[in-house]
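Undergrad: In the numbering used here, the protein residues as written are 7 to 119. Where a beta carbon is used, it is the ideal one built from N, C-alpha and C, also for glycine. Every value quoted in this text rests on a predicted model; they were computed, and no experiment measured them.
1. Exposed or buried, what is residue 85 when buried is set at 16 or more other beta-carbons lying within 10 Å of its beta-carbon?
2. When you compare only the Cα positions, how much space is there between residue 111 and residue 65?
3. What residue range does the beta strand (DSSP E) around residue 66 cover?
4. Among residues of its own chain, excluding the 5 on either side of residue 53, which ones have a beta-carbon nearer than 6 Å to its beta-carbon?
5. Assuming contact is defined by CB atoms lying nearer than 8 Å, are residue 97 and residue 63 in contact in what I supplied?
6. How would you call residue 31, buried or exposed, if buried means at least 16 neighbouring beta carbons within 10 angstroms?
7. Would residue 39 be called buried (16 or more neighbouring beta carbons within 10 Å of its own) or exposed?
8. Considering only their Cβ atoms, is the gap separating residue 25 from residue 15 smaller than 8 Å?
9. According to the Cβ coordinates, are residue 107 and residue 68 closer than 8 Å?
10. Distance check for residue 113 and residue 76, CA to CA, integer angstroms please.
11. Do you know offhand how far residue 92's Cα is from residue 117's?
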């Protein structure tokens, strides 16, 4: 019989992700879970969807904020502000933002005088 619910540890193994990342994503609402007493459970379907989403985000070709700082003389705070205001589009992957290459090109083209 196949399990309908997984523990955090099992979900971390399935998604090739750290236990702390799974817990953080549950806390911020990215990964739905059930809490029974002190234990958390994730449905197998939700865990599989989460794994697919993480693989898709990891496959995005782009730059981290630190890489952008090496390309352009901009501060970390400025780049974050551009992302938050929507002028620079980025994908959040765990703790990091990934700025796709075409998005960086669009951003630079829009800033061209």
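TA: So, from the data block:
1. buried
2. Rounded to the nearest whole angstrom, the C-alpha separation of residue 111 and residue 65 is 19 Å.
3. Careful: residue 66 lies outside any beta strand (DSSP E) and carries neither H nor E.
4. 12, 17 and 20
5. yes
6. buried
7. Buried, since its Cβ has 16 or more Cβ neighbours within 10 Å.
8. yes
9. Cβ atoms of residue 107 and residue 68: closer than 8 Å.
10. 16 Å
11. Each residue's alpha carbon lies about 14 Å from the other.
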